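Novice: Residue numbers (UniProt numbering): 1 to 148. Below you'll find the structure I mean.
Structure, rendered in structure tokens:
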């Protein structure tokens, strides 16, 4: 299976069901926009409660959706009886996050039996523009025998 390929309906349901159990994503108002093999996009609509003192999206919300997008991108490639945990991630904030919503995309760049490496990108969007606001790397661990 290649990165970006369509997944089986059962795998998509497994990913969506796990995402629905994430209290933080629900609290933030994030939604799972795209689920493909090794590639996941999460959207976070703007709300004043998600901003920092200058009115930009707070880095905490930005990093949370980036982490989850990467985690679920890796999870799409993991065995059915496993779970995913983030071991480490680094996110560079490269532009102020200002727009109607944020879109975080996690993409697997090195799948592995135990550790998987993902590239993370976040964009701020409006109807007429898309600004790259963050980029990073993430390491995930596949926890076998524990369904998510």
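From the three backbone atoms N, C-alpha and C, an ideal C-beta is built for every residue, glycine too. Predicted model only: the values in this text are computed from it and were never measured.
(1) Indicate the three-state DSSP secondary structure (helix, strand or coil) for residue 77 in the structure shown.
(2) Where are the beta strand (DSSP E) runs, 3 residues long or more, that stay fully inside the UniProt domain "Thioesterase" (54-126), in chain order?
(3) Return the chain-ordered list of same chain residues with a C-beta closer than 7 angstroms to the C-beta of residue 13, the five sequence neighbours on each side being excluded.
(4) Would you tell me roughly how many angstroms separate the C-alpha atoms of residue 103 and residue 51, rounded to the nearest one?
(5) Can you tell me which of 67, 121, 35 and 78 puts its alpha carbon nearest to the alpha carbon of residue 7?
(6) Residue 24 lies in the alpha helix (DSSP H); which residues open and close that run?
(7) Counting C-beta neighbours from all protein chains within 10 Å, is the total for residue 109 16 or more, i.e. buried, or is it exposed?
(8) In this structure, how does DSSP classify residue 42 when only helix, strand and coil are distinguished?
(9) Name the residue from 66, 136, 55 and 107 whose alpha carbon lies nearest to the alpha carbon of residue 76.
(10) With burial defined as no fewer than 16 other Cβ atoms inside 10 Å of the residue's Cβ, what is the status of residue 122: buried or exposed?
(11) In terms of residue numbering, what span does the alpha helix (DSSP H) encompassing residue 10 cover?
(12) In chain order, what residues of the same chain have a beta carbon less than 6 angstroms from the beta carbon of residue 88, not counting five sequence neighbours either side?
(13) Which word fits residue 99, buried or exposed, when buried means at least 16 other C-beta atoms lie within 10 angstroms of its C-beta?
(14) Buried or exposed: residue 37, going by 16 or more other Cβ atoms within 10 Å of its Cβ?
Specialist: Result, derived from the coordinates:
(1) coil
(2) 82-93, 101-110 and 115-126
(3) Counting only residues of its own chain and dropping the five nearest sequence neighbours on each side, residue 13 has no CB closer than 7 angstroms to any other CB.
(4) 15 angstroms
(5) Of the listed residues, the one whose Cα sits closest to residue 7 is 35.
(6) Residues 23-28.
(7) Burial call: exposed.
(8) strand
(9) 107
(10) Buried: at least 16 other Cβ atoms inside 10 Å.
(11) The continuous alpha helix (DSSP H) containing residue 10 extends over residues 9-20.
(12) 139
(13) Buried is the call here.
(14) buried
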